[in-house]
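Residue numbers (our numbering): 17 to 534.
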Amino acid sequence: MAPFVDDTVYVDWSTRIVFYALVAVVSGLWMIHRWQQQSRLFRLGNVLPGPEAVPFFGNALLALGKKPDQLVNVALEYAERYGTVIRGWLGTKLIVFLLDPEDIEVILNSQVHIDKAPEYRFFKPWLGEGLLISTGNKWRSHRKMIAPTFHINILKSFVGVFNQNSKHVVEKLRKEVGKTFDVHDYMSTATVDILLETAMGITRKTQDESGFDYAMAVMKMCDIIHQRHYKFWLRFDTIFKFSSFFEKQKQLLGIIHGLTTKVIKNKKQTYFENKDKGIIPPTLAELTRNEEDGSLLANDAKTLSDAVFKGYRDDLDFNDENDVGEKKRLAFLDLMIESAQNGTHQLTDHEIKEEVDTIMFEGHDTTAAGSSFVLCLLGIYKDIQAKVYNELYDIFVTNNYLIPAGTTVVIGTYKVHRSPKHYKDPDTFNPDNFLPENMANRHYYSYIPFSAGPRSCVGRKYALLKLKILLSTILRNYECTSTVPEKDFKLLGDIILKRSDGFRLQIEPRIRKPTNIA
């Protein structure tokens, strides 16, 4: 006869174990909640205006069930409700949004608060310790080395590249005449082509299949990083490594880093071969010398007519695509290799790769989305498009809050750039807001598309010059029409601001004569 076993003993012990485990978890969560309430971060954070937070989750539940393009509207609603300083909790993480230029100046002009938010780690597998992510002495040293590569003399040497690629876009757009299409696809491809040539020296003529694969990989990597921002479970590295996105990221980074490494190796080999032959490229010091000192590029530069640009001309207004010959043009990679060999900054090949990858990322999506927005808005506001075209035609023929240490500060550029305090009719599309006389008395930090202060975008002049040439070339050849009014734009807070509904546009060939303005 089998011995009798009392199952109730085992049930009783298992129940107790589960009960004690639950008590421990609840007690732990309660202690964390109490610590939060009593901590300096929590006390100072809750002084700031913002929506009521839920224990453990903070304000994260506000995003529950919302699509990415809906989150932009949620954020704008809270900006209207709480003013120019808004507090949010993402779990135990304090986030403060700043919308007032005077408050923004305190943060962006600081030489101390230069560290990036933890979310920038999503870029690290791609960009490593490049200029976007690095901090401290490494960031200061690399910034000091890279800044001269965006000198106006060097930028002027890229005008021909911008022109040729802009004309190439015009030719590609011919097949879209009379149709409605997403212009962002064309702008994205164009900006990558321009960057491949200006950053790495890879032209469309020499671009093989690897160049196309690289361009596609850059675009897809941006999408993966965007997914990690919006899908909260992908924010955790452990979970991300078990997702399909991780395997895709490895494949894309293999393409991106493979090409960058290959190009750096070939460029260095060519550099040393030329050096052995006595062929030494111009140094950064020579290329960035002031024109009055007899710069290498000084005699070739042409300015636009003073009569045309009276009061508006700046040192970027050089438009002769032949002002610098092919032999004199050096890509950013060439300049960094030269600086690493002859300058005071001893960069390794790995560090050069990180900086080139950073330039490729920062110069791609920003310009693509910016130019797409401009074309769509001009397609809506035809009177302003007429003014722009006629100009082209004439030319060519703080709030006293204490923010605790460890807080992530977000600069709310969308609202800053639409502040009625600084702009008349801020929600009306009016490029005249940015004429010199209208900007003269405006707070410097009221318009910061490239950020400001010590961590401002090092390539802002490059980006503006590229945008001017790309857009002016398109507008001289096509009249744009957008059937979606601006109020119906579905804005998407991606890595940069985009439209979730796409940049739908119609184009017609331009009749080469001044446009009558209604």
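Every residue gets a Cβ at the ideal spot worked out from N, C-alpha and C, and that includes glycine.
Decide yes or no for the touch test of the region 473 to 488 against the region 176 to 186: beta carbon pairs closer than 8 angstroms, at least 3 of them. Using a C-beta cut-off of 8 angstroms, the region 473 to 488 makes contact with the region 176 to 186, since at least three inter-stretch Cβ pairs fall below that distance.
From His380 to Ala479, what distance separates their C-alpha atoms? Distance between the alpha carbons of His380 and Ala479 is about 9 angstroms.
Beta-carbon proximity of Ile233 to Leu268, cut-off 8 angstroms: Per the sequence shown, residue 233 should be read as Ala rather than Ile. In this structure, Leu268 lies closer than 8 angstroms to Ala233 by Cβ.
Status (buried if at least 16 other CB within 10 Å, exposed otherwise) for Ile123: Per the 10 Å Cβ criterion, buried.
Can you tell me which of Lys140, Thr424, Met47 puts its alpha carbon nearest to the alpha carbon of His273? The shortest C-alpha separation from His273 is found at Lys140.
Is the Cβ-Cβ distance between Ala76 and Leu110 less than 8 angstroms? Taking C-beta atoms as the reference points, Ala76 and Leu110 fail to come closer than 8 angstroms.
So Leu451 is in the alpha helix (DSSP H); what residue range does that whole segment cover? Taken as a continuous stretch (DSSP letters only), Leu451 belongs to no alpha helix (DSSP H), as it is neither H nor E.
Could you give the distance in angstroms between the alpha-carbon of Leu481 and the alpha-carbon of Glu378? Cα to Cα, Leu481 sits roughly 15 angstroms from Glu378.
Could you tell me if Ala163 is buried or exposed, where buried requires 16 or more neighbouring beta carbons within 10 angstroms of its beta carbon? Ala163 is exposed by the Cβ-count criterion.
Within this structure, are the beta carbons of Gly428 and Phe113 separated by less than 8 angstroms? Contact flag set, yes.
Only counting the same chain, and skipping five residues up and downstream in sequence, which positions put a Cβ closer than 7 angstroms to that of Glu371? So the list reads Gly146, Leu147, His158, Ile162, Met352, once near-sequence residues are dropped.
Can you tell me which of the three DSSP states Cys496 falls into? DSSP places Cys496 within a strand segment (E or B) once states are collapsed to three.
Locate the alpha helix (DSSP H) running through Pro535, then write down its first and last residues. Nothing in the structure corresponds to residue 535, since the chain is present only between 17 and 534.
Selection from Asp365, Val208, Val425 that minimises the alpha carbon distance to Tyr417: Among Asp365, Val208, Val425, the Cα nearest to that of Tyr417 is on Val425.
Residue closest to Glu135, alpha-carbon to alpha-carbon, out of Phe252, Ser43, Glu96, Thr100: Checked all of Phe252, Ser43, Glu96, Thr100; the closest Cα to Glu135 is Phe252.
Using a 10 Å radius around the Cβ and a threshold of 16 neighbouring Cβ atoms, would you call Asn181 buried or exposed? For Asn181, the number of other beta carbons within 10 angstroms of its own is at least 16, and it is reported as buried.
To which residues does DSSP link Leu106 through a beta bridge? Residue pairing by DSSP places Leu106 opposite Gly74, Lys109 in a beta bridge.
Closer than 8 angstroms is the cut-off here; do at least three beta carbon pairs connect the region 454 to 471 with the region 427 to 441? The count of Cβ pairs closer than 8 angstroms, one atom from the region 454 to 471 and one from the region 427 to 441, reaches three, so the stretches are in contact.
Less than 8 angstroms between C-beta atoms, sequence neighbours within five positions excluded: which residues of the same chain meet that for Leu87? Ala79, Tyr246, Gly509, listed in sequence order.
Check whether the Cβ of Glu407 lies closer than 7 angstroms to any heavy atom of the ligand SAM, and answer yes or no. For the ligand SAM, the structure offers nothing, since it holds no ligand at all.
Measuring straight from C-alpha to C-alpha, what distance separates Ser204 and Ile511? Take the alpha-carbon of Ser204 and the one of Ile511: they are about 14 angstroms apart.
Between which two residues does the alpha helix (DSSP H) containing Gln357 stretch? Going by DSSP, Gln357 is part of the alpha helix (DSSP H) stretching over 348 to 358.
Cβ pair Phe166, Val474 closer than 8 angstroms: Their beta carbons are under 8 angstroms apart, which means Phe166 touches Val474 by this criterion.
Using a Cβ-Cβ cut-off of 8 angstroms (strictly less than) and excluding sequence neighbours within five positions of Ile368, which residues of its own chain qualify? Ile280, Leu349, Met352, Ile353, Ala356, listed in sequence order.
Answer with buried or exposed for Gly176, where buried requires no fewer than 16 other C-beta atoms within 10 angstroms of its C-beta. Burial check for Gly176: the Cβ neighbour count within 10 Å reaches 16 or more, so the residue is buried.
Rounded Cβ spacing between Leu391 and Val199 (contact assumed at less than 8 angstroms): Going by Cβ atoms, the distance from Leu391 to Val199 rounds to 6 angstroms, so yes, they are a contact pair.
How many angstroms separate the CA atom of Tyr439 from the CA atom of Phe445? Going by C-alpha positions, Tyr439 is about 11 angstroms away from Phe445.
Excluding five sequence neighbours on each side, which residues of the same chain lie with their C-beta closer than 6 angstroms to the C-beta of Gly74? Trp105, Leu106, Gly107, listed in sequence order.
Let's see if you can read the secondary structure: which residues bound the beta strand (DSSP E) around Val426? For Val426, the enclosing beta strand (DSSP E) has its first and last residue at 424 to 427.
Own chain residues within Cβ distance below 6 angstroms of Thr100, not counting five before or after: Leu115, Asp116, listed in sequence order.
Would you tell me roughly how many angstroms separate the C-alpha atoms of Glu121 and Pro465, rounded to the nearest one? Computed Cα separation, rounded: 14 angstroms.
Beta strand (DSSP E) containing Ile523: first to last residue? Note, Ile523: beta strand (DSSP E), 520 to 525.
Between which two residues does the beta strand (DSSP E) holding Leu171 run? For Leu171, there is no enclosing beta strand (DSSP E); the enclosing alpha helix (DSSP H) has its first and last residue at 168 to 172.
Going by DSSP in three states, Gly379 sits in which element: helix, strand or coil? Note: Gly379 maps to coil in three-state DSSP.
Whole-Å CB distance - Ala14 paired with Ala347, under 8 angstroms assumed: The shown model of the chain, from 17 to 534, leaves out residue 14, and the question about it has no answer.
Which one or two residues does DSSP pair with Asp198 in a beta bridge? Per DSSP, the beta-bridge partners of Asp198 are Arg520.
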